[in-house]
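Visitor: Okay, so the sequence shown: first residue is 1 according to UniProt numbering, each after it adds one.
Cβ coordinates follow ideal geometry from the N, Cα and C atoms, glycine included.
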Amino acid sequence: MFQAFPETEAKKASRLEREAKELGNRSLVYGEIPFETVDAIFQLMRTEFGALLDRGGNFYDIGSGCGKVVLAAALLHDFSKCCGIEVLDSLHAMALKALDHWRYKILDDLPTVKSDMDVGFAKNDATKVDIWRDATLVFCNATCFSDSLMQALSTAADSLSDGAYVVTVTKPLVSKRWKVLLEQKFAMSWGSATVIIQKKLF
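Structure below.
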């Protein structure tokens with residue numbers, strides 16, 4: 001499904017836009033969570049924490065790039081909603097192309113329940129929590145995120161409902177409202193990295 005959207009193209013688009021806009025911010029550096037890793041994390045959440053056992057729930061990917069994790073999530077679980085949030089125009093445009101591919105080339109071959117899923121992408125600043133306040137599961141590749149961005153995302157995540165899960169790469173949320181359930185190395189596009197699974201307690 002993702003052969004038309006290779007990681008090299010997404011990395012190049014990200015770099016060119018950051019250079020053109022003089023965005024030196026390392027928080028916008030591009031890296032991908034592979035499909036197999038998303039699958040392994042979902043399986044682990046089912047077996048270890050009893051999550052993702054029932055249909056429904058709202059999945060968000062913060063810094064969703066060209067949309068691969070969002071579409072992987074849509075394939076791997078029957079969510080009510082799967083949404084990616086990305087601030088760079090070039091990557092958001094790639095995600096919209098991937099969404100068209102999903103809608104017009106993939107969806108017809110999938111179970112009917114997948115057609116009921118609200119799959120989409122928002123070009124926006126993820127520190128504005130109104131966009132993802134209804135999340136029950138959030139993914140965030142935070143490897144290159146600055147401390148100030150992690151603090152802003154943690155504050156935003158505190159608005160989620162109790163029992164919500166956040167899965168980050170390399171850096172956890174910095175809030176006492178979130179309990180770390182697991183820290184484990186998984187394969188990423190750039191090598192292995194620590195995945196942190198947290199659950200909102202209050």
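Using the C-alpha atoms, what's the distance from residue 141 back to residue 69?
Guide: Along the sequence shown, read from residue 1 onward, the residue named residue 69 stands at position 69. Along the sequence shown, read from residue 1 onward, the residue named residue 141 stands at position 141. Cα to Cα, residue 69 sits roughly 10 angstroms from residue 141.
Visitor: From residue 109 to residue 100, what distance separates their C-alpha atoms?
Guide: Within the sequence shown, numbered from 1, the residue matching residue 109 stands at position 109. Within the sequence shown, numbered from 1, the residue matching residue 100 stands at position 100. Their backbone Cα atoms lie some 15 angstroms apart in a straight line.
Visitor: Could you tell me which of 191, 181, 114 and 30 sits nearest to residue 62, measuring between CA atoms?
Guide: Sequence index remark: in the sequence shown, residue 62 carries index 62 (1-based). The shortest Cα separation from residue 62 among 191, 181, 114 and 30 belongs to 30.
Visitor: Below 8 angstroms on the Cβ atoms is my contact criterion, and I expect residue 117 with residue 78 to pass it. Report the Cβ-Cβ distance as a whole number of Å.
Guide: Along the sequence shown, read from residue 1 onward, the residue named residue 117 stands at position 117. Along the sequence shown, read from residue 1 onward, the residue named residue 78 stands at position 78. Confirmed, about 7 angstroms.
Visitor: Counting Cβ pairs, one atom from each stretch, are 3 or more of them under 8 angstroms apart for the segment 152–167 and the segment 176–195?
Guide: A contact exists between the segment 152–167 and the segment 176–195.
Visitor: Could you please give the first and the last residue of the uninterrupted alpha helix (DSSP H) stretch that includes residue 157?
Guide: In the sequence shown, the residue the question calls residue 157 occupies position 157. 147–157 is the span of the alpha helix (DSSP H), which, as asked, contains residue 157.
Visitor: Just checking my contact of residue 93 with residue 82 at CB under 8 angstroms: how many whole Å lie between their CB atoms?
Guide: The residue labelled residue 93 in the question sits at position 93 within the sequence shown. The residue labelled residue 82 in the question sits at position 82 within the sequence shown. That pair is no contact at about 19 angstroms.
Visitor: Starting from residue 188, follow the beta strand (DSSP E) in both directions and report where the run begins and ends.
Guide: Residue mapping note: residue 188 aligns to position 188 of the sequence shown, counting from 1. Unbroken beta strand (DSSP E) run through residue 188: 178–188.
Visitor: Over the uninterrupted alpha helix (DSSP H) stretch that includes residue 126, give me the two end residues.
Guide: Against the sequence shown, residue 126 aligns to sequence position 126. Premise fails: residue 126 is in no alpha helix (DSSP H) and is neither H nor E.
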